[in-house]
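Quick notes on the structure that follows.
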Amino acid sequence: MDLKWRIGSVTITSVTESETPTSPRFLFGGLDKAGVLARAEKARWLRPHFVSQDGYLLQKIQCLIIDTGDHRIAVDTCIGNDKARHNELWNHLQGPFLEDMTKAGYPPDSITHVVCTHLHVDHVGWNTRLVDGAWVPTFPHARYLFVDTEYEHWRSAPGLFGTEDVFGDSVAPIVEAGLAEMVAIDHELSDSVRFQPTTGHTPGHISVVVESDGARAIITGDMVHSPLQIADPDLCSSFDTDSEAARATRRAVFPGWADGETMVIGTHFGSPTGGTMHPDGDGYRLQV
Ligand SMILES: [Zn+2]
């Protein structure tokens with residue numbers, strides 16, 4: 038499904054690489070499908086969009102393209118094609134993502150900036166593509182903005198899964214090509230686009246704030262993987278670098294997002310992916 042949001046004079050367009058039911062055990066080690074269904078009984082808004090009848094999480098992997106008129110900013114670049122990955126669903130993909138971007142009105146050479154909310158495998162993949170056996174920048178006219186603390190962390194840390202070299206095939210070639218720019222965690226990209234620090238999931242994790250003509254949207258990144266964590270901000274993902282910090286970040290940040298007006302766009306939330314947040318018991322609900 039093509040999704041597009043208008044935030045004042047800015048548009049945000051989703052280009053989806055994959056949309057699949059996901060086992061809750063993959064994201065939340067201790068939580069099984071029965072546990073998900075029990076949570077969906079209490080937070081009924083989770084169904085049907087975000088939790089399936091049999092307790093799977095309805096998730097997607099997508100790139101969100103912010104178009105300000107002056108800038109075309111690709112936020113998070115998914116898994117990518119041709120990459121050797123430990124996860125068999127992601128290994129040596131051959132998907133039509135770049136064609137889909139072009140069909141959506143954003144051919145790769147029209148992108149002016151690439152922003153990665155963090156440097157995990159499913160957020161950096163299309164930074165590069167394979168040409169004649171070498172990884173080259175997919176977006177040759179873009180500046181790729183990396184948060185300095187995030188870059189430094191992953192430069193020296195092993196990948197999440199096994200021996201796959203995410204940094205080597207999807208981040209380092211950008212630096213070598215001279216397209217990378219190291220920026221602060223509270224970077225302001227333009228009048229209408231800025232970073233909001235949301236650390237914990239990774240040390241330099243950001244969300245992206247879009248503000249135009251009195252309207253506001255947030256692109257969450259993975260500080261919240263699933264709407265289950267909107268219902269229960271204390272629920273932590275298996276992939277957090279520091280779960281306690283990630284939990285504290287959700288508790289600190291959500292009250293500011295839950296004004297009933299801000300469009301909160303979940304980077305991994307299944308369609309319709311965005312909604313307004315509202316306080317609900319000890320957590321929140323997403324109204325789509
Ligand atoms: Zn992710």
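Residue numbers (my numbering): 38 to 325.
The beta-carbon is built from N, C-alpha and C at its ideal position, and this holds for glycine as well.
Taking just the CA atoms, how far does residue j sit from residue i?
i	j	result
HIS123	SER193	20 Å
ILE148	LEU182	13 Å
LEU156	LYS41	25 Å
THR59	PRO309	16 Å
GLY66	GLY205	28 Å
ASP319	ASP269	7 Å
ALA283	MET138	31 Å
HIS34	VAL161	Residue 34 cannot be examined here, being either before or after the span of the chain that is shown, 38 to 325.
Can the beta-carbon of residue i be found less than 8 Å from the beta-carbon of residue j?
i	j	result
TYR143	ILE102	yes
LEU95	HIS108	no
GLY327	VAL325	Lying outside 38 to 325, the shown extent of the chain, residue 327 is not represented and no answer is given.
LEU64	GLY92	no
PRO174	ASP146	no
ARG231	HIS224	yes
PRO264	GLY303	yes
ASP277	GLY215	no
So what does DSSP say about residue i, is it helix, strand or coil?
i	result
VAL220	strand
THR149	coil
ARG81	helix
VAL230	strand
VAL161	helix
ALA289	helix
VAL261	coil
THR186	helix
GLN99	strand
SER244	strand
ARG43	strand
In terms of DSSP beta bridges, what is residue i paired with?
i	result
CYS115	HIS160
LEU94	THR59, VAL88
LEU167	TRP172
Inset, instruction - For ligand 1, list every residue whose C-beta falls under 5 Å from any of its heavy atoms, going in chain order. - result: Going along the chain, the residues that qualify are ASP159, ASP259.
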